[in-house]
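Asker: Numbering (my numbering), first residue to last: 195 to 527.
Glycine included, every Cβ here is placed at the ideal spot set by N, Cα and C.
Below is the structure I would like to discuss, written out as structure tokens.
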Ligand SMILES: [Zn+2]
């Protein structure tokens, strides 16, 4: 048993309370490579932002659970080396699929876990969430739960259709489970293809898809039921069209990739939404930078040559999200 406290990590409790009060959101960036980890730490140190580094089941499979845990520990030390005296870094399990997965993360140094029982019947979701909360709270680890179903694909999490969170359920669910934060479904979606073209309108000039707006009425109804309770948005990449264009003009094929417009996320960040998950945008930044690099330097084969601009581009993206979308810059300490 390794406590996250020994690793210099923090849980989300105080971080979320401040974010809800202050009208901003904490970035939750997924990572599974060293370059992503470095870019996340550099961006959060330079902007003085708290940050959640999150790992999905697929990431654990890709990188190895032990390595990822040591990378998070390394992230704390790296932040200090970069001049941040008291880093606020959370190591979070994204989409925990069972009590056992959550327990193994808690036992190996995670400071926060998500138990995703959203695909289960309501009472079963409550039962598994409650079991995780009881175990996690023994070690002061915070727990995110989910009500409502998001569409899209994220690693092994896949749903054909979304179902908005039912505001009438949130009081009962949060009280009976004791969860610390709640992921809700208001129209965000996993992946780089968040909406089918038939769900969107098309800009007549650019030909780009314009996605349907988020269901802010559902968010407002949830906030009225649970004033001040930390709300989480998954699937909140914006799928920057400049990256899609670079990828598509340099050998890639991502037709009609579309995300959540940043002005809608900016609006959400000012509400009780205190954690916004961003994964696809960093994948797109990395891929665009690498494709561009190879187009300009076909003779390169040293990974450092193309991973350096990839890392720089991800850092730029993370800083942009922190400063211009979430508003978590300058909130350390
Ligand atoms: Zn998710």
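Hey, does residue 226 have any beta-carbon neighbour from chain B nearer than 9 angstroms?
Answerer: Looking at the structure shown, chain B is missing, and only one protein chain is on hand.
Asker: For residue 304 and residue 334, I'd like the C-alpha separation in whole angstroms.
Answerer: Residue 304 and residue 334: Cα-Cα distance of roughly 11 angstroms.
Asker: As a quick exercise: from 444, 450, 431, 479, pick the residue whose alpha carbon is nearest that of residue 456.
Answerer: Answer by Cα proximity: 431.
Asker: How would you write the range of the alpha helix (DSSP H) that residue 442 sits in, first residue to last?
Answerer: Note, residue 442: alpha helix (DSSP H), 435-443.
Asker: Roughly how many whole angstroms lie between the Cα atoms of residue 462 and residue 504?
Answerer: Approximately 29 angstroms, taken between the alpha carbons.
Asker: I'd like to know whether the C-beta atoms of residue 528 and residue 220 end up nearer to each other than 9 angstroms.
Answerer: The first residue shown for the chain is 195 and the last is 527, placing residue 528 beyond what the model contains.
Asker: For the alpha helix (DSSP H) that residue 497 lies in, which residues bound it at each end?
Answerer: Element bounds for residue 497: 497-514.
Asker: Any heavy atom of ligand 3 closer than 8 angstroms to the Cβ of residue 319?
Answerer: Annotation note on ligand 3: not contained in the displayed structure, which lists ligand 1 as its ligands.
Asker: DSSP state of residue 375, grouped into three classes?
Answerer: Strand.
Asker: Between which two residues does the beta strand (DSSP E) harbouring residue 480 extend?
Answerer: Segment 474-490 is the alpha helix (DSSP H) holding residue 480; no beta strand (DSSP E) there.
Asker: Would you kindly work out how many angstroms separate the C-alpha atoms of residue 523 and residue 281, rounded to a whole number?
Answerer: For residue 523 and residue 281, the distance between alpha carbons rounds to 13 angstroms.
Asker: From the DSSP secondary-structure annotation, give me the bridge partner or partners of residue 248.
Answerer: Answer is 224, 286, bridged to residue 248.
Asker: Return yes when the C-beta of residue 413 is under 8 angstroms from any heavy atom of ligand 1, and no when it is not.
Answerer: No; taking the cut-off as 8 angstroms, the Cβ of residue 413 has no heavy atom of ligand 1 nearer than that.
Asker: Between the alpha carbons of residue 450 and residue 483, how many angstroms are there, rounded?
Answerer: Roughly 20 angstroms separates the two Cα atoms.
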